[in-house]
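**Student:**
Protein chains: 2
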Amino acid sequence: MKYPTRLSDAVHILAFIALYPDCDLTSNKLAESVQTNPAYVRQLMSALRKGGLLVSVKGHPRPALAREPEKITLLDAYRAVEGNKPLLHQDIHTNPACGVGVNIQLVLRDFYLDIQKTAEHKMQEITLKDVLEQYHIKLEGIHT
Amino acid sequence: MKYPTRLSDAVHILAFIALYPDCDLTSNKLAESVQTNPAYVRQLMSALRKGGLLVSVKGHPRPALAREPEKITLLDAYRAVEGNKPLLHQDIHTNPACGVGVNIQLVLRDFYLDIQKTAEHKMQEITLKDVLEQYHIKLEGIHT
DNA sequence: TTTGATGTTATTTTTATTATAACAACATAT
DNA sequence: ATATGTTGTTATAATAAAAATAACATCAAA
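In the order they appear, the protein sequences are chains B and A.
Note that the first sequence covers residues 168 to 311 in the numbering used here.
Note that the second sequence covers residues 168 to 311 in the numbering used here.
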């Protein structure tokens with residue numbers, strides 16, 4: 168595969184937009200910071216828009232947050248770009264004729280849901296505001 | 168397919184071994200239940216052995232748990248087969264010349280570690296004993 | 001009207017994961 | 001001792017998810 172970095176890139180984009188609210192932010196400029204191509208950035212922004220986190224209009228390089236940073240959580244961003252993809256994956260190709268394997272996978276399903284819920288709860292507690300705050304603290308630390 | 172299922176398969180194998188403690192369990196039989204090939208099973212078992220969860224000897228098809236099921240957690244199994252691989256992945260290819268991006272990724276790192284810790288704590292609370300207990304409960308539900 | 005950007009779709013490339021093959025080393029039974 | 005079967009390990013191939021890229025119609029603004 169290739170490890171998914173959509174959430175990281177999405178937060179990167181959201182933070183960048185929050186930091187430069189009144190500037191022309193083309194997908195090209197954002198792509199430079201993420202070091203990727205503009206089309207990928209636009210794809211992520213499309214997902215964020217559909218997720219209700221971002222507003223933007225075709226042809227106009229002025230994306231803006233759809234709501235305040237304190238009301239945008241990491242879980243919101245995750246849902247927008249990853250949907251309901253779980254963090255841990257079951258093996259859905261085990262032998263259906265083997266009752267043992269089938270039932271073990273059924274049990275694992277419940278435990279994975281539990282873990283997922285726990286992680287998502289944490290992700291829901293972290294907002295874009297938190298990210299921006301820590302960002303500024305990091306910046307101050309550098310300039311002193 | 169191609170999402171990682173090593174943890175799922177590892178637990179599958181561990182549970183199977185726990186359920187049939189005094190039987191010949193060849194990698195072939197286990198592979199039938201997981202519906203994969205014996206070599207992959209042996210690779211997972213090798214990781215579990217190195218992780219101290221399993222004991223087995225070359226040429227002898229009698230794998231056994233290295234310790235009681237209540238002392239084997241999902242986190243133990245995860246560490247054995249996934250090492251320190253995180254659940255969420257940072258984008259480590261952002262533009263190093265862009266201070267904004269660099270610092271956002273640094274901040275994300277801390278938050279991801281927080282989420283990771285939370286998930287791992289939950290994984291540590293779930294033992295193979297729990298899996299086996301739920302397995303038996305599921306079985307009873309079927310036979311009544 | 002021209003320029004430049006977006007939003008979207010389709011295709012290619014990359015790479016982590018699983019599948020598979022091959023074989024030396026070991027256990028067991030005869 | 002030998003034959004048989006299994007493990008442990010390594011190397012390579014196949015698969016599939018993610019990111020990279022290309023292409024273009026559509027829209028905004030000067």
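For every residue, glycine included, the Cβ atom is placed at its ideal position computed from N, Cα and C.
Could you tell me which residues DSSP pairs with B/Thr294 in its beta bridges?
**Tutor:** Along the first sequence, one-based indexing puts residue 294 of chain B at 127. According to DSSP, B/Thr294 bridges with B/Thr240.
**Student:** Expressed to the nearest angstrom, what Euclidean distance is found between the alpha-carbon atoms of B/Gln283 and A/Leu211?
**Tutor:** On the first sequence, position 116 is the one that residue 283 of chain B refers to. On the second sequence, position 44 is the one that residue 211 of chain A refers to. Cα to Cα, the separation comes out at about 24 Å.
**Student:** Count the other C-beta atoms from every protein chain shown that fall within 10 angstroms of the C-beta of A/Met290, then say buried if there are 16 or more, exposed otherwise.
**Tutor:** One-based indexing of the second sequence puts residue 290 of chain A at position 123. Buried.
**Student:** Do you know offhand how far B/Arg234's Cα is from B/Leu215's?
**Tutor:** Translated into positions along the first sequence, residue 234 of chain B becomes position 67. Translated into positions along the first sequence, residue 215 of chain B becomes position 48. Within the model, the alpha-carbon separation for B/Arg234 versus B/Leu215 is close to 12 Å.
**Student:** Give, in chain order, every residue of the stretch 194-220 of chain B whose Cβ lies closer than 7 Å to some Cβ of chain A.
**Tutor:** Glu199, Ser200, Val201, Gln202
**Student:** Determine whether the Cβ of A/Thr311 lies closer than 8 Å to any Cβ atom of chain B.
**Tutor:** What you label residue 311 of chain A is simply residue 144 of the second sequence in a count that begins at 1. Not an interface residue.
**Student:** Please tell me whether A/Asp176 has its Cβ less than 8 Å away from any Cβ of chain B.
**Tutor:** Here residue 176 of chain A refers to the residue found at position 9 when the second sequence is read from its first residue. Under the 8 Å criterion on CB atoms, A/Asp176 is classed as interfacial with respect to chain B.
**Student:** Going by C-alpha distance, which of B/Thr311, B/Leu181, B/Gly266 is nearest A/Ile309?
**Tutor:** As a working note, residue 309 of chain A is residue 142 in the second sequence. The candidate whose alpha carbon is nearest that of A/Ile309 is B/Gly266.
**Student:** Relative to the C-alpha of A/Tyr187, which residue among A/Thr203, A/Leu242, A/Leu232, A/Thr240 is closest?
**Tutor:** Here residue 187 of chain A refers to the residue found at position 20 of the second sequence. When only C-alpha atoms are compared, the closest one is A/Leu232.
**Student:** In chain order, what are the residue ranges of uninterrupted alpha helix (DSSP H) at least 4 long that sit wholly in the stretch 255-308 of chain B?
**Tutor:** 266-292
**Student:** If we count Cβ pairs, one from each stretch, closer than 8 Å, do we get three or more for the stretch 258-278 of chain B versus the stretch 288-304 of chain A?
**Tutor:** yes
**Student:** Going along chain A in order, which residues have a C-beta closer than 7 Å to the C-beta of B/Gly250?
**Tutor:** Looking up residue 250 of chain B in the first sequence gives position 83. In chain order: nothing, as chain A lies at least about 13 Å away.
**Student:** Can you pull the chain B neighbours of A/Asp189, defined as C-beta to C-beta under 7 Å?
**Tutor:** For the purposes of this step, residue 189 of chain A is identified with residue 22 of the second sequence, where counting begins at 1. What A/Asp189 touches in chain B: nothing, since even the nearest Cβ is about 16 Å away.
**Student:** Beta carbons nearer than 7 Å to chain A: which residues of the stretch 283-296 of chain B have them?
**Tutor:** Thr285, Ala286, Lys289, Met290, Ile293
**Student:** Is it right to say B/Ala264 is buried, meaning 16 or more other beta carbons lie within 10 angstroms of its own, or is it exposed?
**Tutor:** Against the first sequence, residue 264 of chain B aligns to sequence position 97. B/Ala264 comes out exposed.
**Student:** Is any beta-carbon of chain A found at less than 8 Å from that of B/Ala182?
**Tutor:** The sequence position of residue 182 of chain B within the first sequence is 15, counting from 1. True, the Cβ-Cβ gap to chain A drops below 8 Å.
**Student:** Report the neighbours of A/His179 on chain B: residues whose CB is nearer than 9 Å to its CB, in chain order.
**Tutor:** Here residue 179 of chain A refers to the residue found at position 12 when the second sequence is read from its first residue. Ordered by position in chain B, the residues that pass the 9 Å Cβ test against A/His179 are Asp258, Thr261, Val267, Gly268, Ile271, Gln272, Leu275.
**Student:** Quick check on this structure: which residue in A/Ser175, A/Pro253, A/Leu174 has the alpha carbon closest to the alpha carbon of A/Asp277?
**Tutor:** Locating residue 277 of chain A in the second sequence gives position 110, where the first residue counts as 1. Residue A/Pro253 is the option with its Cα nearest to A/Asp277.
**Student:** What do you reckon, are the CB atoms on B/Ala244 and B/Val178 nearer than 8 Å?
**Tutor:** Looking up residue 244 of chain B in the first sequence gives position 77. Looking up residue 178 of chain B in the first sequence gives position 11. Cβ atoms of B/Ala244 and B/Val178: closer than 8 Å.
**Student:** B/Val224 versus chain A: which residues are under 8 Å apart at the beta carbon?
**Tutor:** One-based indexing of the first sequence puts residue 224 of chain B at position 57. Per Cβ cutoff of 8 Å: no residues; B/Val224 is ~24 Å from chain A at best.
**Student:** If we cut at 8 Å on Cβ distances, does B/Asp243 have a partner in chain A?
**Tutor:** Counted from its first residue, the first sequence places residue 243 of chain B at position 76. Not closer than 8 Å to any Cβ of chain A, the Cβ of B/Asp243 fails to qualify, so no.
**Student:** Please confirm if B/Thr172 has its CB atom under 8 Å from at least one CB of chain A.
**Tutor:** Here residue 172 of chain B corresponds to residue number 5 of the first sequence, with the count starting at 1. Contact with chain A is found for B/Thr172, since one of that chain's Cβ atoms lies less than 8 Å from the residue's Cβ.
**Student:** For A/Gly218, which residues in the same chain have their Cβ closer than 8 Å to its Cβ, ignoring the five residues on either side in sequence?
**Tutor:** Walking along the second sequence from the start, residue 218 of chain A turns up at place 51. Only Asp243, Ala244, Arg246, Ala247, Val248 meet the Cβ criterion.
**Student:** Can a CB atom of chain A be found closer than 8 Å to the CB of B/Lys305?
**Tutor:** Locating residue 305 of chain B in the first sequence gives position 138, where the first residue counts as 1. Chain A, which has a Cβ nearer than 8 Å to the Cβ of B/Lys305, makes this yes.
**Student:** For B/Leu255, would you say it is in contact with chain A, using Cβ-to-Cβ distances shorter than 8 Å as the test?
**Tutor:** Sequence index remark: in the first sequence, residue 255 of chain B carries index 88 (1-based). So, interface residue.
**Student:** Starting from the Cα of B/Tyr207, find the closest Cα among B/His288, B/Arg173, B/Tyr279 and give me that residue.
**Tutor:** Locating residue 207 of chain B in the first sequence gives position 40, counting from the first residue. Closest option to B/Tyr207, Cα to Cα, is B/Arg173.
**Student:** Tell me, please, which residues DSSP counts as bridged to A/Leu232.
**Tutor:** Here residue 232 of chain A refers to the residue found at position 65 of the second sequence. According to DSSP, which records beta bridges pairwise, A/Leu232 is partnered with A/Leu221.
**Student:** Does the CB of B/Leu280 have a neighbour CB from chain A at under 8 Å?
**Tutor:** Along the first sequence, one-based indexing puts residue 280 of chain B at 113. False, the Cβ-Cβ gap to chain A never drops below 8 Å.
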